[in-house]
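A.B. asks: Top line first, the protein sequences correspond to chains A, B, C and D.
Read in order, the letters of the first sequence correspond to residues 1 to 199 in the UniProt record's numbering.
Read in order, the letters of the second sequence correspond to residues 1 to 199 in the UniProt record's numbering.
Read in order, the letters of the third sequence correspond to residues 1 to 199 in the UniProt record's numbering.
Read in order, the letters of the fourth sequence correspond to residues 1 to 199 in the UniProt record's numbering.
Glycine is no exception: its CB is placed at the ideal position from the N, C-alpha and C atoms.
The structure follows.
Number of protein chains: 4
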Amino acid sequence: MGERGRPKGASGEESRALLLEVAAREFAQNGYHETKVSAIVKGASLSQPTFYLYFKNKEAIFEELESLFHTRLMAFIKQSRLQPELEFITVKARVTHNLKEILAFLDKNPYLTRIGFYLSAKADAIKAQIVEQIRDNLDYEVRAGYFRKDIDTSMVAESLVGIIERLTFTKILTKQKRPEEIANDIADLLLEGIRNREG
Amino acid sequence: MGERGRPKGASGEESRALLLEVAAREFAQNGYHETKVSAIVKGASLSQPTFYLYFKNKEAIFEELESLFHTRLMAFIKQSRLQPELEFITVKARVTHNLKEILAFLDKNPYLTRIGFYLSAKADAIKAQIVEQIRDNLDYEVRAGYFRKDIDTSMVAESLVGIIERLTFTKILTKQKRPEEIANDIADLLLEGIRNREG
Amino acid sequence: MGERGRPKGASGEESRALLLEVAAREFAQNGYHETKVSAIVKGASLSQPTFYLYFKNKEAIFEELESLFHTRLMAFIKQSRLQPELEFITVKARVTHNLKEILAFLDKNPYLTRIGFYLSAKADAIKAQIVEQIRDNLDYEVRAGYFRKDIDTSMVAESLVGIIERLTFTKILTKQKRPEEIANDIADLLLEGIRNREG
Amino acid sequence: MGERGRPKGASGEESRALLLEVAAREFAQNGYHETKVSAIVKGASLSQPTFYLYFKNKEAIFEELESLFHTRLMAFIKQSRLQPELEFITVKARVTHNLKEILAFLDKNPYLTRIGFYLSAKADAIKAQIVEQIRDNLDYEVRAGYFRKDIDTSMVAESLVGIIERLTFTKILTKQKRPEEIANDIADLLLEGIRNREG
DNA sequence: TATGAATGAGTATTCATTCAT
DNA sequence: CATGAATGAATACTCATTCAT
């Protein structure tokens with residue numbers, strides 16, 4: 001029952017999950033084409049035919065990882081939107097909180113994030129959906145008087161996604177900064193701007 | 001010199017340039033692996049051996065396109081940095097101007113942009129360099145008192161690159177907005193923030 | 001004994017017979033290579049290892065079906081040869097009767113017929129044996145003065161097998177004509193020929 | 001320019017033809033599945049990629065051989081039907097002549113015959129077409145008063161094809177008898193029957 | 001008797017790359 | 001300058017077959 005030297009009759013689900021895990025890492029690190037099925041099964045200490053026992057083909061396992069990312073992220077975003085604004089003293093606190101949640105999620109799923117954000121052909125669609133959600137939120141905040149009425153919420157939402165994407169890869173996945181730090185920085189940047197108002 | 005029926009004895013440079021042009025389009029549209037050498041030469045109405053007359057291999061032509069993007073972009077940025085601040089009445093005007101220049105450059109080189117920003121393995125290095133330049137500028141502006149002293153210029157520079165990247169692909173290359181519009185939006189967003197200061 | 005929900009402890013012979021049945025149908029319909037062991041066991045609602053409990057390998061089950069056909073057919077022919085000629089008023093009646101018997105046998109075993117006549121590598125040997133039997137009969141009839149002395153009985157026997165084979169597949173197995181009709185047609189054709197002797 | 005040791009730059013058509021030739025032999029001798037692409041190219045002293053230079057895949061070359069057989073045979077039958085009946089003194093002479101022509105054709109194309117008659121999935125369709133042609137001829141002869149009016153021409157045509165098929169494989173391709181002999185035997189058998197009319 | 005899980009061995013196919021002309 | 005013809009090397013995928021239970 002140990003991980004290594006596991007007997008032939010291991011649970012099929014275990015093998016499947018293992019393949020998914022290894023594949024996620026391989027795809028994230030090497031890209032789709034550079035990742036060979038042989039490498040995936042090797043990483044899982046299984047043989048090639050076993051791979052095809054659980055996945056129709058290489059594309060299928062990749063798509064499953066895409067879906068996994070998409071589904072989890074969406075569930076996450078939906079859930080975090082539930083936080084009633086009342087819980088927070090300030091808008092900034094709420095924005096920061098929500099950003100932190102998302103960034104923490106991405107931080108916890110580095111391989112899937114790389115796949116879903118960079119490698120996937122559906123990355124654009126996924127991001128577009130996120131943008132949509134964010135813009136809805138922005139529109140609401142504008143109407144509520146928290147944000148300026150003259151901003152192009154679509155453009156701001158796109159910008160935010162661009163920022164999240166970039167900082168996730170350069171600051172968070174590299175462990176240079178923690179999600180809460182980055183969340184705070186982003187909220188501050190977008191809410192206040194960088195112009196010096198003193199003096 | 002005609003497009004079709006170009007005589008056999010056409011200048012080698014012409015063939016070379018043609019190959020680069022076709023390759024840029026193919027790579028940008030289909031990615032590195034999905035782009036076959038056979039497709040490139042077909043698009044240029046040449047044979048496969050001819051391809052190897054001008055490029056060592058597939059990787060080489062891709063790298064040349066990467067370099068092309070990198071070189072041109074750097075030259076561009078360097079040049080646009082030359083604009084003395086005095087020429088502008090306000091910081092915002094200068095920031096807007098510089099952004100517009102960059103965005104216009106990307107807009108004019110859509111295929112190379114896709115290659116240099118998305119596809120290239122060196123994309124990270126290229127972006128890092130851009131970030132560096134931007135951060136230098138930011139640091140200068142901070143010292144000059146134009147920007148807040150408490151911002152993390154590295155983080156802001158990364159954010160700006162993330163924004164540029166995303167808006168270029170979603171708004172500019174799709175022709176939804178013109179460079180100057182986006183430049184203005186970005187400058188406003190980053191300088192002022194979105195918080196509603198009225199009321 | 002029910003079709004579905006057959007208890008686990010079903011008789012092994014039942015499973016074996018079921019596998020043979022399904023295999024016969026599959027082989028007949030799709031050929032040897034196109035028939036997968038996985039398809040056979042699926043058709044029998046059994047697992048792959050169970051297949052190997054009853055048959056050494058895929059080839060073995062195919063060979064068993066070949067033998068089945070061969071054995072049954074030979075038994076049949078032998079038995080039908082027992083009919084003493086005296087029982088029939090005319091040669092034609094006897095020939096027709098014998099043909100009908102064979103055709104009826106093939107008609108009743110469509111899958112085995114397809115296997116034994118078309119698919120089997122031993123088909124040639126089987127047919128050769130049938131030819132042999134028929135030629136013996138023909139030789140006897142020639143000596144008895146019923147048939148022309150100048151015919152090449154070997155060639156006629158081969159022709160008859162060719163006719164049987166073809167008409168079985170095109171007229172009988174397709175249910176276009178019944179064995180007795182075809183038997184009669186063949187007997188008439190071979191005994192009388194098609195030349196118009198009137199006028 | 002010799003057959004062996006032929007330089008790399010041989011005519012493409014030559015290589016293609018060679019592949020077809022080798023493939024025909026291999027398919028005829030070993031069947032579709034047992035014939036490996038590797039064996040075909042080996043027989044042609046070429047490499048595997050070269051195979052795909054001329055044929056989309058293994059199926060494609062097989063289909064081309066099927067077509068070749070079909071086309072040639074049809075052309076042959078059509079042409080031989082042109083022989084005006086007047087050229088022959090007797091019906092039997094004409095029938096014999098036509099049979100000989102067909103058998104000679106099959107004799108000359110043993111590999112294609114095996115492919116087109118046995119291996120091809122389209123064999124049935126091809127034979128059906130031949131049957132059709134023969135039945136047309138028979139109908140004509142019946143109307144002309146040469147053949148009995150009470151025969152089922154469809155059944156006789158099928159029988160003739162069955163005979164041709166079988167005798168081709170057992171007597172002609174094995175070189176036991178020559179086409180003209182077999183043609184004569186078949187004509188005699190079908191026209192006169194085997195019943196002894198003497199005595 | 002029966003099977004979930006796994007695999008060895010094989011095969012078609014693709015693609016970048018190179019001769020010889 | 002240009003190419004028709006050819007290939008080395010690699011990879012995804014399939015299928016009959018077998019453990020261990």
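Listing by chain order, which chain C residues have their CB less than 7 Å from the CB of isoleucine 194 of chain D?
C.D. replies: For this step, residue 194 of chain D is matched to residue 194 along the fourth sequence. Correct list: Phe147, Arg148, Ile151, Val156, Leu190 and Leu191.
A.B. asks: Is any beta-carbon of chain B found at less than 9 Å from that of leucine 138 of chain A?
C.D. replies: In the first sequence, the residue the question calls residue 138 of chain A occupies position 138. So yes, leucine 138 of chain A belongs to the interface.
A.B. asks: Report the neighbours of aspartate 107 of chain C on chain D: residues whose CB is nearer than 8 Å to its CB, in chain order.
C.D. replies: Reading the third sequence from its first residue, position 107 is the one you call residue 107 of chain C. Going along chain D, no residue has its Cβ under 8 Å from aspartate 107 of chain C, so there is no contact; the nearest lies around 16 Å.
A.B. asks: Under DSSP, the alpha helix (DSSP H) around asparagine 109 of chain A begins and ends at which residues?
C.D. replies: Walking along the first sequence from the start, residue 109 of chain A turns up at place 109. Taken as a continuous stretch (DSSP letters only), asparagine 109 of chain A belongs to no alpha helix (DSSP H), as it is neither H nor E.
A.B. asks: Beta-carbon within less than 8 Å of isoleucine 77 of chain B's beta-carbon, same chain only, minus the 5 sequence neighbours each way: which residues are those?
C.D. replies: Numbered from 1 along the second sequence, position 77 holds the residue referred to as residue 77 of chain B. Excluding positions up to five away in sequence, the list reads Ile102, Ile130 and Gln133.
A.B. asks: Grab me the residues of alanine 39 of chain A's own chain with a C-beta within less than 7 Å of its C-beta, minus the 5 sequence neighbours each way, in chain order.
C.D. replies: Here residue 39 of chain A refers to the residue found at position 39 of the first sequence. Cβ within range, chain order: Glu26.
A.B. asks: So, for valine 156 of chain B: in the same chain, excluding its five sequence neighbours on each side, which residues have a beta-carbon less than 7 Å away from its beta-carbon?
C.D. replies: Start at 1 with the first residue of the second sequence, and residue 156 of chain B comes out as number 156. So the list reads Leu138, once near-sequence residues are dropped.
A.B. asks: DSSP three-state label for phenylalanine 169 of chain D, please.
C.D. replies: The count along the fourth sequence starts at 1 and reaches residue 169 of chain D at position 169. It is helical.
A.B. asks: With 9 Å as the threshold, decide whether the Cβ of glutamate 66 of chain A is near any Cβ in chain B.
C.D. replies: As a first step, residue 66 of chain A must be located in the first sequence, where it is residue number 66. Taking Cβ atoms only, chain B never reaches closer than 9 Å to glutamate 66 of chain A, which makes this a no.
A.B. asks: To the nearest angstrom, how far is it from the Cα of serine 80 of chain C to the Cα of proline 110 of chain C?
C.D. replies: Walking along the third sequence from the start, residue 80 of chain C turns up at place 80. Walking along the third sequence from the start, residue 110 of chain C turns up at place 110. Computed Cα separation, rounded: 20 Å.
A.B. asks: Tell me, please, which residues DSSP counts as bridged to phenylalanine 147 of chain B.
C.D. replies: Looking up residue 147 of chain B in the second sequence gives position 147. Answer is A:Arg195, bridged to phenylalanine 147 of chain B.
A.B. asks: Taking C-beta pairs closer than 8 Å, name the residues in chain D that valine 161 of chain C reaches, listed in chain order.
C.D. replies: Reading the third sequence from its first residue, position 161 is the one you call residue 161 of chain C. Correct list: Arg166.
A.B. asks: Which chain D residues are close to threonine 170 of chain C, counting only those with a beta carbon under 7 Å from its beta carbon?
C.D. replies: As a position in the third sequence, residue 170 of chain C is number 170, starting the count at 1. What threonine 170 of chain C touches in chain D: Glu158.
A.B. asks: Just to confirm before moving on: does the CB-CB distance between leucine 112 of chain D and isoleucine 164 of chain D stay below 9 Å?
C.D. replies: For the purposes of this step, residue 112 of chain D is taken as the residue at position 112 of the fourth sequence. For the purposes of this step, residue 164 of chain D is taken as the residue at position 164 of the fourth sequence. Taking 9 Å as the Cβ cut-off, leucine 112 of chain D and isoleucine 164 of chain D do not qualify as a contacting pair.
A.B. asks: Report all residues from its chain with a CB closer than 8 Å to the CB of valine 142 of chain D; omit the five preceding and five following residues, and keep chain order.
C.D. replies: For this step, residue 142 of chain D is matched to residue 142 along the fourth sequence. For valine 142 of chain D, where only same-chain residues beyond five positions count, the Cβ hits under 8 Å are Arg148, Lys149, Ile151 and Thr153.
A.B. asks: So with Cβ pairs under 9 Å, would you call histidine 33 of chain A a contact of chain B?
C.D. replies: On the first sequence, position 33 is the one that residue 33 of chain A refers to. Yes, its Cβ sits closer than 9 Å to a Cβ of chain B.
A.B. asks: I'd like the span of the alpha helix (DSSP H) that includes asparagine 30 of chain D, first residue to last.
C.D. replies: In the fourth sequence, the residue the question calls residue 30 of chain D occupies position 30. Element bounds for asparagine 30 of chain D: 12-30.
A.B. asks: Nearest to glycine 43 of chain C by CA position, among C:Arg16, C:Ser11 and C:Glu87, is which residue?
C.D. replies: As a first step, residue 43 of chain C is located in the third sequence; it is residue number 43 there, counting from the start. Looking at the Cα atoms, C:Arg16 is the closest of the given residues.
A.B. asks: Tell me the DSSP secondary structure of leucine 190 of chain A in three-state form.
C.D. replies: Walking along the first sequence from the start, residue 190 of chain A turns up at place 190. Three-state result, leucine 190 of chain A: helix.
A.B. asks: Within this structure, are the beta carbons of arginine 166 of chain D and glycine 116 of chain C separated by less than 9 Å?
C.D. replies: Counting from one through the fourth sequence, the residue named residue 166 of chain D turns up at place 166. Counting from one through the third sequence, the residue named residue 116 of chain C turns up at place 116. For arginine 166 of chain D and glycine 116 of chain C, no; Cβs fall outside 9 Å.
A.B. asks: Going by DSSP in three states, alanine 183 of chain A sits in which element: helix, strand or coil?
C.D. replies: Position 183 of the first sequence, counted from the start, is the residue given in the question as residue 183 of chain A. Helix at alanine 183 of chain A.
A.B. asks: Tyrosine 54 of chain C: which of C:Leu73, C:Leu190, C:Leu18 and C:Ile89 sits nearest, CA to CA?
C.D. replies: Locating residue 54 of chain C in the third sequence gives position 54, where the first residue counts as 1. Checking every option, the nearest Cα to that of tyrosine 54 of chain C belongs to C:Leu18.
A.B. asks: Grab me the residues of leucine 46 of chain D's own chain with a C-beta within less than 8 Å of its C-beta, minus the 5 sequence neighbours each way, in chain order.
C.D. replies: Taking the first residue of the fourth sequence as position 1, residue 46 of chain D is located at position 46. Hits under 8 Å: Ser15, Leu18 and Leu19.
A.B. asks: For a test of the three-state rule: what should DSSP assign to histidine 70 of chain D, helix, strand or coil?
C.D. replies: What you label residue 70 of chain D is simply residue 70 of the fourth sequence in a count that begins at 1. DSSP places histidine 70 of chain D in helix when its eight states are reduced to three.
A.B. asks: Any Cβ of chain C within less than 9 Å of the Cβ of lysine 100 of chain D?
C.D. replies: Here residue 100 of chain D corresponds to residue number 100 of the fourth sequence, with the count starting at 1. It does not: the Cβ of lysine 100 of chain D has no partner Cβ on chain C nearer than 9 Å.
A.B. asks: Mapping the DSSP letters down to three states, classify alanine 39 of chain A as helix, strand or coil.
C.D. replies: To locate residue 39 of chain A, count along the first sequence from 1; it is residue 39. Here alanine 39 of chain A sits in helix by DSSP.
A.B. asks: Would leucine 173 of chain B and valine 95 of chain B be called neighbours here (beta carbons separated by less than 9 Å)?
C.D. replies: The residue you call residue 173 of chain B lines up with position 173 of the second sequence. The residue you call residue 95 of chain B lines up with position 95 of the second sequence. Contact: no.
A.B. asks: If the criterion is Cβ atoms closer than 9 Å, does the pair tyrosine 32 of chain D and phenylalanine 51 of chain D meet it?
C.D. replies: By one-based count along the fourth sequence, residue 32 of chain D stands at place 32. By one-based count along the fourth sequence, residue 51 of chain D stands at place 51. Cβ atoms of tyrosine 32 of chain D and phenylalanine 51 of chain D: not closer than 9 Å.
A.B. asks: Could you tell me whether any Cβ in chain B is nearer than 9 Å to the Cβ of valine 37 of chain A?
C.D. replies: Locating residue 37 of chain A in the first sequence gives position 37, where the first residue counts as 1. No, valine 37 of chain A lies away from the interface with chain B (no Cβ there is under 9 Å from its Cβ).
A.B. asks: Could one say the Cβ of isoleucine 61 of chain D lies closer than 9 Å to chain C's Cβ atoms, at least one of them?
C.D. replies: Here the question's residue 61 of chain D lines up with position 61 in the fourth sequence. Closer than 9 Å: no.
A.B. asks: Using the C-alpha atoms, what's the distance from glutamate 34 of chain B back to lysine 36 of chain A?
C.D. replies: One-based indexing of the first sequence puts residue 36 of chain A at position 36. One-based indexing of the second sequence puts residue 34 of chain B at position 34. One C-alpha to the other measures close to 16 Å.
A.B. asks: Is glutamate 59 of chain B near isoleucine 126 of chain B, with beta carbons less than 9 Å apart?
C.D. replies: As a working note, residue 59 of chain B is residue 59 in the second sequence. As a working note, residue 126 of chain B is residue 126 in the second sequence. Taking 9 Å as the Cβ cut-off, glutamate 59 of chain B and isoleucine 126 of chain B do not qualify as a contacting pair.
A.B. asks: Pull up the CB-CB distance for tyrosine 146 of chain A and valine 91 of chain A, whole angstroms please, since I reckon it's below 8 Å.
C.D. replies: Indexing the first sequence from 1 puts residue 146 of chain A at position 146. Indexing the first sequence from 1 puts residue 91 of chain A at position 91. Confirmed, about 5 Å.
A.B. asks: Measuring CA to CA, which of B:Lys122, B:Leu160, B:Ala121 and B:Ile194 is closest to asparagine 98 of chain B?
C.D. replies: Here the question's residue 98 of chain B lines up with position 98 in the second sequence. Residue B:Leu160 is the option with its Cα nearest to asparagine 98 of chain B.
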